[in-house]
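Colleague: Have a look at this one before I ask anything.
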Amino acid sequence: MTVATWARRHVLSTEDWSRDEIELVLENTSAMTEVLSRPVRRAPPLRGRTVVLFFAEASTRTRVSFELAAKALSADVVNISAAGSSVEKGETLLDTVRTLDALGGDVIVMRHSASGAPYFVAARTTAAVINAGDGWHAHPTQGLLDAYTLRAALGDLAGRRIVVVGDVLHSRVARSDIHTLVPLGASITLSGPPTLMPSAWRCGALPPGVTYEPDLDRALDGAAAVIALRLQRERAESGLLPSLREYARTWGLNEARVARMRPDAPVMHPGPMNEGIEIEASVAHGARSLIAAQVTNGVAVRMALLYLLAGHPS
Amino acid sequence: MVLPARADLERRGLLVVPGFVDLHAHLREPGFEDSETIATGARAALRGGFTTVCAMPNTEPPIDSAGLVAELMAKGAAADAARVLPIACITRGRRGADLADLVELARAGAVAFSDDGSPVSDSRLFRSALEYAQVAGRVVIEHPQDVSLSGNGVMHEGAASAGLGLPGMPAAAEETAVARDLALARLTGARLHLTHLSTRTAIELVRQAKADGLAVTADVTPHHLALTDEWVSGSRRFAWEGSEEDARQGAAIPYDPNTKVNPPLRTRADVEACWAGLRDGTIDAIATDHAPHASIRKEVEYQDAAFGISGLETALPLMLAGVSAGRAPLETVLRALSEAPRRILGLADTGDWIAIDRDAEWTVDALELGSKGKNTPLLGRRLTGRVVIAVVNGKVRYDAGASAAFA
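Laid out in structure tokens, this is it:
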């Protein structure tokens, strides 16, 4: 079915990917799910390879997911985190890249608070770079795991309308969901406060396949799925929101709102959740929730990418 | 060296014109000599055809005393390159709190006043500056920006910033400042020069103000006439190149910190408005806002990089490319680079001149640039048009080596 062959050196964003490339990753993810279901969850394709986890911004979930993925493929894993490392002592990103490159890792998985930082690193290293989240820009493995999870629940995404609600302006998840789900045939309805929407998108210059509907009830009517974004509490303090309470009442997912979607339409969230703000606990842990499946599938997606970038030819 | 005869040079196909005057450049000395010195900046100016260059006072210390003005002029003279003219601060220490001694600064040799980079946000103080500068006989050069609105933005706020996930500076941050500045110019009747205008509405506001008879002038930079915010996303298409396929150069890696500049690179509609303003005289002058930076301040994450483009040496070929693309007549561009800035600053004609080879192709190479600032998104690019000779005060102060061939 898929004609694409893998030719990428890095995974920085899916924005410029073809549908075939996305399909190829999803197919490999499916194979990795099988590996993870074995009694011994380990396969050899990255034996002798070194995966460097460079997390310059705090993250436990994504880092652990990558670590499990790398280890399931028999790679050696090295952790470099911001806290306590030279990054915190004022070492520049340029210094860090030079060091990482000299150390000779095969794959650098990086999380960074600055949009575009993975491009900076990729241009200066011989290793393959996987973006594990850069600023507000992209989180391609989240987009791919969301696509995989939605495919597993809904089948073909062609013609399906998926709502993404919350702080789109500051969300790398929203951007990567757009750039992964739209090529697979889905359309996206963004919802959330106008102050947390990129102004160009609010004023009509939206990416292809994307619309904006500030009224969440209207956005959810007949939708195929909803993805709620994490709301950073400091948004209310910076003048972008009147209060968290008002946000929860206007854009929080609750039982009544979720019922406006198609029957069995799933609810997703990239985590970590602020229960009671962007999502009520009963929805987060209810029958429609795929939030646990997202976490499980995340490991398989990351295995697929590590395999495609650094796996030994079999 | 023998002064070549202008007629000979013209006979050989060179364009011989009055030397350019840059009314807005950052020469970084004192304080930031790793980015530029007066000597390297004055030499870079000559290579770009600027026989006179005005140095902005945002140095460390800022140029806010007669002694500092005199020191800067002495260093400029010693450089034996382009004429270096100091612009002094409007406010003491550029702090925006109280006026510098403007009359004394003018007597010492300051040709204009500006707190460039830090607009005077206190409207009452800016009113005083406009009124008081009249007795000093010098123009106030204002960098229009409402910093509370531009906030922590690092590029133009629009479709490109939305896609890249970078905080934006809305066009309105420039436009509200221009509107305030024009209102104060109207109130005081004073001369005002607005520098590096970059948005369609800002230019429209100036057009109306001029129609109303206000004593306001304005400039635009070569990069705002040639590049767009798509360059931050990696496009290397000049504003006059129709589609990505027409572009002579393919896309680059996104987030190049050399595209980070304030005011930011804007949209195509804004660029077209800049050219329209230049054509109809709303925009008087072209100024480089040459902002050299040592690589340590540029080879970092986009959001942390310093603002600025090193522009003295690429201004001429960019403007010639715009002329070739039909954006403005050659005479308009040349006037905006020489006669207009002289008029704005009230400078006498010194008779300095340059010879240009309009057909010379060259590649922008960090090692070849005279400026210490290699921070230009044009690095590696083939450009057409180069200065071969620059004559200052009756002497050849720059010779690209080609003059021998013409002798």
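Protein chains in written order, with this note's numbering: chain A, 1 to 314; chain B, 315 to 721. For each residue, glycine too, the CB sits at the ideal point set by N, CA and C. None of the values given here were measured: they were computed from a predicted structure.
In the DSSP output, which residue or residues are listed as bridge partners for residue 507/B?
Modeller: Here residue 507/B corresponds to residue number 193 of the second sequence, with the count starting at 1. Answer is 455/B and 531/B, bridged to residue 507/B.
Colleague: Do you know offhand how far residue 596/B's Cα is from residue 499/B's?
Modeller: Residue numbering aside, residue 596/B sits at position 282 when the second sequence is read from its first letter. Residue numbering aside, residue 499/B sits at position 185 when the second sequence is read from its first letter. Using only the alpha carbons, I get a separation of about 16 Å.
Colleague: Within 8 Å of any Cβ in chain A, is that where the Cβ of residue 476/B sits?
Modeller: Sequence index remark: in the second sequence, residue 476/B carries index 162 (1-based). Chain A contact via Cβ: present.
Colleague: When the cut-off is 8 Å and only beta carbons count, does residue 9/A lie next to chain B?
Modeller: Here residue 9/A corresponds to residue number 9 of the first sequence, with the count starting at 1. By this cut-off, residue 9/A is not an interface position.
Colleague: In whole angstroms, what is the alpha-carbon distance linking residue 333/B and residue 628/B?
Modeller: As a position in the second sequence, residue 333/B is number 19, starting the count at 1. As a position in the second sequence, residue 628/B is number 314, starting the count at 1. Each residue's alpha carbon lies about 15 Å from the other.
Colleague: Any idea what DSSP makes of residue 568/B, helix, strand or coil?
Modeller: Residue numbering aside, residue 568/B sits at position 254 when the second sequence is read from its first letter. Of the three classes helix, strand and coil, the one that applies to residue 568/B here is coil, per DSSP.
Colleague: Can you have a look at residue 721/B and say buried or exposed, based on whether 16 or more other CB atoms are within 10 angstroms of its CB?
Modeller: For the purposes of this step, residue 721/B is taken as residue 407 along the second sequence, with counting starting at 1. Interpretation of residue 721/B is limited by its pLDDT of 41, a score under 50 that renders its predicted location unreliable; the figure taken from the coordinates is listed afterwards. Label assigned to residue 721/B: exposed.
Colleague: Name, going along the chain, the residues of the stretch 586-617 of chain B whose beta-carbon falls closer than 7 Å to a beta-carbon of chain A.
Modeller: Hits within the stretch, in order: 613, 614, 615, 616 and 617.
Colleague: Return yes when the Cβ of residue 223/A is within less than 8 Å of the Cβ of residue 28/A, no when it is not.
Modeller: The residue you call residue 28/A lines up with position 28 of the first sequence. The residue you call residue 223/A lines up with position 223 of the first sequence. Cβ distance not < 8 Å, so residue 28/A and residue 223/A don't count as in contact.
Colleague: Helix, strand or coil: which one does DSSP assign to residue 189/A?
Modeller: Here the question's residue 189/A lines up with position 189 in the first sequence. Three-state DSSP puts residue 189/A in a strand.
Colleague: Could you check what DSSP says for residue 6/A in three-state terms: helix, strand or coil?
Modeller: Counted from its first residue, the first sequence places residue 6/A at position 6. In the structure shown, residue 6/A sits in coil (DSSP, three-state: anything other than H, G, I, E or B).
Colleague: Give every residue of the same chain whose Cβ lies closer than 8 Å to the Cβ of residue 250/A, excluding the five residues on either side of it in the sequence, and list them in chain order.
Modeller: The sequence position of residue 250/A within the first sequence is 250, counting from 1. These residues qualify, in order along the chain: 193 and 216.
Colleague: Is the distance from the Cβ of residue 419/B to the Cβ of residue 456/B below 8 Å?
Modeller: In the second sequence, the residue the question calls residue 419/B occupies position 105. In the second sequence, the residue the question calls residue 456/B occupies position 142. Contact flag unset, no.
Colleague: Measuring only between beta-carbons, confirm whether residue 577/B sits less than 8 Å from chain A.
Modeller: Within the second sequence, the letter at position 263 stands for residue 577/B. Output row for residue 577/B: interface = no.
Colleague: With a threshold of 8 Å, are at least 3 pairs of Cβ atoms found where one atom belongs to the stretch 610-617 of chain B and the other to the stretch 642-653 of chain B?
Modeller: The stretch 610-617 of chain B, when compared against the stretch 642-653 of chain B, does not touch it at the 8 Å Cβ threshold.
Colleague: Output the boundary residues of the beta strand (DSSP E) element that contains residue 700/B.
Modeller: Position 386 of the second sequence, counted from the start, is the residue given in the question as residue 700/B. Run containing residue 700/B: 696-706, per the beta strand (DSSP E) assignment.
Colleague: Return the residues of the stretch 89-100 of chain A that lie within a Cβ-Cβ distance of less than 8 Å from chain B, sorted by chain order.
Modeller: For the stretch 89-100 of chain A, which is checked against every Cβ of chain B, the residues closer than 8 Å are 92, 93 and 94.
Colleague: Would you give the residue range spanned by the beta strand (DSSP E) that residue 676/B belongs to?
Modeller: Taking the first residue of the second sequence as position 1, residue 676/B is located at position 362. 667-677 is the span of the beta strand (DSSP E), which, as asked, contains residue 676/B.
Colleague: Would you mind sorting residue 356/B into buried or exposed? The rule is 16 or more other CB atoms within 10 Å of its CB.
Modeller: Here residue 356/B corresponds to residue number 42 of the second sequence, with the count starting at 1. Counting Cβ neighbours within 10 Å, residue 356/B comes out buried, since at least 16 surround it.
Colleague: Could you work out which residues of chain A lie near residue 568/B, taking near to mean beta carbons separated by less than 8 Å?
Modeller: As a first step, residue 568/B must be located in the second sequence, where it is residue number 254. Here the neighbours are 116 and 119.
Colleague: Identify the continuous beta strand (DSSP E) that holds residue 709/B and give its terminal residues.
Modeller: Counting from 1 along the second sequence, the entry for residue 709/B is found at position 395. Start and end: 709-713.
Colleague: Would you say residue 480/B reaches chain A, if we count a Cβ-Cβ gap shorter than 8 Å as a contact?
Modeller: Numbered from 1 along the second sequence, position 166 holds the residue referred to as residue 480/B. It does; some Cβ of chain A falls within 8 Å.
Colleague: Among 698/B, 561/B and 622/B, which one has its Cα closest to the Cα of residue 299/B?
Modeller: This structure gives no information on residue 299/B, because the portion of chain B shown stretches from 315 to 721.
Colleague: Go ahead and label residue 681/B buried or exposed: buried means 16 or more other beta carbons lie within 10 angstroms of its beta carbon, across all protein chains shown.
Modeller: Residue 681/B sits at position 367 when you count from the first residue of the second sequence. Per the 10 Å Cβ criterion, exposed.
Colleague: Terminal residues of the continuous beta strand (DSSP E) containing residue 140/A?
Modeller: Locating residue 140/A in the first sequence gives position 140, counting from the first residue. Segment 140-154 is the alpha helix (DSSP H) holding residue 140/A; no beta strand (DSSP E) there.
Colleague: Going along chain B, which residues have a C-beta under 9 Å from residue 200/A?
Modeller: The sequence position of residue 200/A within the first sequence is 200, counting from 1. Result: 471, 472, 473, 474, 475, 476, 477 and 482.
Colleague: Based on DSSP bridge pairs, tell me the residues matched to residue 289/A.
Modeller: By 1-based counting over the first sequence, the position of residue 289/A is 289. Bridge partners of residue 289/A: 267/A.
Colleague: Is the beta carbon of residue 40/A sitting closer than 8 Å to the one on residue 309/A?
Modeller: Position 40 of the first sequence, counted from the start, is the residue given in the question as residue 40/A. Position 309 of the first sequence, counted from the start, is the residue given in the question as residue 309/A. Not a contact, by the Cβ cut-off of 8 Å.
Colleague: If you drop the 5 nearest sequence neighbours on each side, which residues of the same chain put their C-beta closer than 8 Å to that of residue 521/B?
Modeller: For the purposes of this step, residue 521/B is taken as residue 207 along the second sequence, with counting starting at 1. Result list for residue 521/B: 591, 594 and 596, in chain order.
Colleague: Report yes if the C-beta distance between residue 289/A and residue 617/B is below 8 Å; otherwise report no.
Modeller: Walking along the first sequence from the start, residue 289/A turns up at place 289. Walking along the second sequence from the start, residue 617/B turns up at place 303. No; because the gap between Cβ atoms is not below 8 Å, this pair is not in contact.
Colleague: Under 8 Å Cβ-Cβ, which residues of chain B neighbour residue 135/A?
Modeller: Mapped onto the first sequence, residue 135/A falls at position 135. Within 8 Å Cβ-Cβ: 479, 480 and 617.
Colleague: Quick check: what's the CA-CA separation for residue 689/B versus residue 362/B?
Modeller: Taking the first residue of the second sequence as position 1, residue 689/B is located at position 375. Taking the first residue of the second sequence as position 1, residue 362/B is located at position 48. Roughly 16 Å between the two C-alpha positions.
Colleague: In chain order, what residues of the same chain lie with their CB nearer than 6 Å to the CB of residue 342/B, ignoring the 5 residues before and after it?
Modeller: Here residue 342/B refers to the residue found at position 28 when the second sequence is read from its first residue. Here the set comprises 349 and 350.
Colleague: Per DSSP, residue 471/B is paired with what?
Modeller: Position 157 of the second sequence, counted from the first residue, corresponds to residue 471/B. None, per the DSSP bridge assignment.
Colleague: Buried or exposed: where does residue 472/B fall if 16 or more other Cβ atoms within 10 Å of its Cβ makes it buried?
Modeller: Start at 1 with the first residue of the second sequence, and residue 472/B comes out as number 158. Per the 10 Å Cβ criterion, buried.
Colleague: Just mark residue 338/B as buried or exposed, buried being the case when its beta carbon has 16 or more other beta carbons within 10 Å.
Modeller: For the purposes of this step, residue 338/B is identified with residue 24 of the second sequence, where counting begins at 1. The residue is buried, with at least 16 neighbouring Cβ atoms inside 10 Å.
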